[in-house]
Amino acid sequence: GQSLEQPSEVTAVEGAIVQINCTYQTSGFYGLSWYQQHDGGAPTFLSYNALDGLEETGRFSSFLSRSDSYGYLLLQELQMKDSASYFCAVRPRGSSYKLIFGSGTRLLVRP
Amino acid sequence: EPEVTQTPSHQVTQMGQEVILRCVPISNHLYFYWYRQILGQKVEFLVSFYNNEISEKSEIFDDQFSVERPDGSNFTLKIRSTKLEDSAMYFCASRPSSGRELNTQYFGPGTRLTVL
């Protein structure tokens, strides 16, 4: 099975950098994704790591280390609108591209 | 920009009643999914659907649940006899079959189901 753990809540200041960690136990997966969800909204895709290393998309970067069973999402130049929940998710091997989501991290950006 | 749409946005029903949640996936997508999210919890996979049949389903997706693609655009989730614990936000998602966005699932805005 798959289990993905994230910190429940992170607080940071506008303009700062924040890292949201995701540690996992899984029998095998194709890649690690990150989704953003504002209160009452739908999950929105942010990034995908198929391979180990860093993927950068604007202010957001995501990192994966399969040997450490660990990944993270890095948000730079934080803005108030980044206040949301962030979920890591894996696509298990042999599956229909379904996503198994982590427990989610609520990010609060303060002025 | 194309998007997944869902109706209704909110559905209130009595325990034991049947509900049908509707979704219109992005038009050139071929893979469809239903997820649910109980308030304050993580998103959970229910079922995946491709080529007019279920590809995979979770333990949550028992005999009370069914999915259908009744025409070329709609994708529905039916709960035959709702229980209190079915109260959740239900998200439909779709993804393309090829290209750069192969690993991107596009989620609809969700239907909030409240079972009384």
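Heads up: the protein sequence lines correspond to chains S and Y, in order.
Numbering-wise, the first sequence is residues 1 to 111 according to this note's numbering.
Numbering-wise, the second sequence is residues 112 to 227 according to this note's numbering.
Beta carbons: idealized from backbone N, C-alpha and C, even for Gly.
Note that the coordinates shown come from a computational prediction; the quantities given were computed from them, not determined experimentally.
For the region 27-61 of chain S, the set of positions with a beta-carbon nearer than 9 Å to some beta-carbon of chain Y reads Y30, G31, S33, Y35, Q37, G40, G41, A42, P43, T44, F45, Y48, A50 in chain order. Across the region 117-146 of chain Y, CB contacts with chain S closer than 7 Å involve Y142, Y144, in sequence order along the chain. Within chain Y, the residues K153 have their CB atoms less than 7 Å from the CB of S/G104, given in chain order. Between S/Y24 and S/Q2 a beta carbon distance of about 7 Å is seen, short of the 8 Å cut, so the two are scored as contacting. Per DSSP, reduced to three states, the secondary structure at Y/E112 is coil, with no helix or strand assignment. Proximity to S/S83 across S/Y48, S/G94, S/G104 peaks at S/G104, based on C-alpha coordinates. By the Cβ-count criterion, S/A16 is exposed, with fewer than 16 other Cβ atoms from all chains shown falling within 10 Å of its own Cβ. Remark: C-beta atoms of Y/S138 and Y/S209 do not approach each other more closely than 9 Å.
Of the other Cβ atoms in all chains shown, 16 or more fall within 10 Å of the Cβ of S/Q6; this residue is therefore buried.
With the rule of 3 Cβ pairs closer than 8 Å, the region 124-134 of chain Y does not count as touching the region 28-42 of chain S. Within the model, the alpha-carbon separation for Y/K189 versus Y/S205 is close to 18 Å. The beta-bridge partner set that DSSP reports for S/E56 consists of S/S61. By the 16-neighbour rule on beta-carbons within 10 angstroms, Y/D197 is buried.
For Y/V123, the closest C-alpha among the options Y/E212, Y/I171, Y/A199 is that of Y/A199. Of all residues in the region 181-193 of chain Y, none is placed with a Cβ closer than 9 Å to any Cβ belonging to chain S.
Apart from sequence neighbours up to five positions away, the residues of its chain that approach Y/F143 with a beta-carbon distance below 6 Å are P136, F160, F186, S205, ordered along the chain. Taking all protein chains shown into account, Y/I165 has fewer than 16 neighbouring C-beta atoms within 10 Å of its C-beta and is therefore exposed. For a cut-off of 8 Å, the C-beta gap from S/S65 to S/S47 is around 15 Å, too long to register as a contact. Counting along the chain, no beta strand (DSSP E) covers S/Q79, and no H or E run does either.
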